[in-house]
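Undergrad:
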């Protein structure tokens, strides 16, 4: 029942916002920041309405005047809302192309976010190119380095794909690792198997990792460095709970 109310809340606030979003979507480059604001308002308001809160821990203060490639783990559709809550600066997601078929997320993936068809090299190249353009404009990009939500339950931190780290080095953009600890306990994936419940989503934002072409000339070693830092925080939290 909680899951039903959550999706009903998202749909309600989306319908409420749709006339304005429809207008803004006619010129997404001009209205980028406004569309990002509505995405945040819809998602966070819906979350709070059904009794879900977010608590953020920082390894050190984040300088949001910089732009980052934000790399979170991925266990729940609530991760997206958690990130809209976390990040005060406009950003775009890279997400699976199937989100273009979702009536709520479609308008965002046609305007501010970046759809990608995982098995298509052409689609991956286009997504990579678009993300690079946004970074060069000073915007943040969110890439889930695991690539998807795995079916395994309870979830673990799966090996990362190289795309985010290659992009970071090529554009000299720092990686901001984000560990979303327990969104899966509140709603695993889309909640279709285990349902959902009220609760507090806890997030740890790690220290940004600066890119250095001399140190990070090997994408795999950079990828492994970020993975180990995130997995350590993920494991320590799980061992305490």
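In our numbering, the protein residues as written are 7 to 247. For each residue, glycine too, the CB sits at the ideal point set by N, CA and C. Here the structure is a predicted model, which is why all the values come from computation and not from measurement.
1. DSSP on residue 156, reduced to helix/strand/coil?
2. Do you know how far the Cα of residue 120 is from the Cα of residue 249?
3. Are the beta-carbon atoms of residue 33 and residue 163 separated by less than 7 Å?
4. From residue 178 to residue 11, what does the alpha carbon distance come to, in whole angstroms?
5. With H, G and I counted as helix, E and B as strand and the rest as coil, what does DSSP make of residue 66?
6. Is residue 244 helix, strand or coil by DSSP?
7. Beta-carbon of residue 173 versus every beta-carbon of chain D: anything under 7 Å?
8. Buried or exposed for residue 197, going by 16 or more other Cβ atoms inside 10 Å?
9. Over what stretch of residues does the beta strand (DSSP E) that includes residue 98 continue unbroken?
10. Mind listing, in chain order, the continuous alpha helix (DSSP H) runs of no fewer than 4 residues lying wholly within the stretch 157 to 186?
11. Would you call the stretch 81 to 90 and the stretch 185 to 199 touching, i.e. three or more CB-CB distances under 8 Å?
12. Within 10 Å of its beta-carbon, does residue 104 have 16 or more other beta-carbons around it, so buried, or fewer, so exposed?
13. Can you name, in chain order, every residue of its own chain whose Cβ lies under 6 Å from the Cβ of residue 114, other than the five neighbours on each side?
14. Where does residue 151 land, buried or exposed, given buried means 16+ other C-beta within 10 angstroms?
15. Taking DSSP as the reference, what is the three-state secondary structure of residue 237?
16. Does the Cβ-Cβ distance between residue 95 and residue 146 come in under 7 Å?
TA: Short version:
1. coil
2. Within the shown structure, residues of the chain are numbered from 7 to 247, placing residue 249 beyond reach of any answer.
3. no
4. 43 Å
5. coil
6. helix
7. Of the chains in the structure shown, none is chain D; there is only one protein chain.
8. buried
9. 97 to 102
10. 169 to 177
11. yes
12. exposed
13. 45
14. buried
15. helix
16. yes
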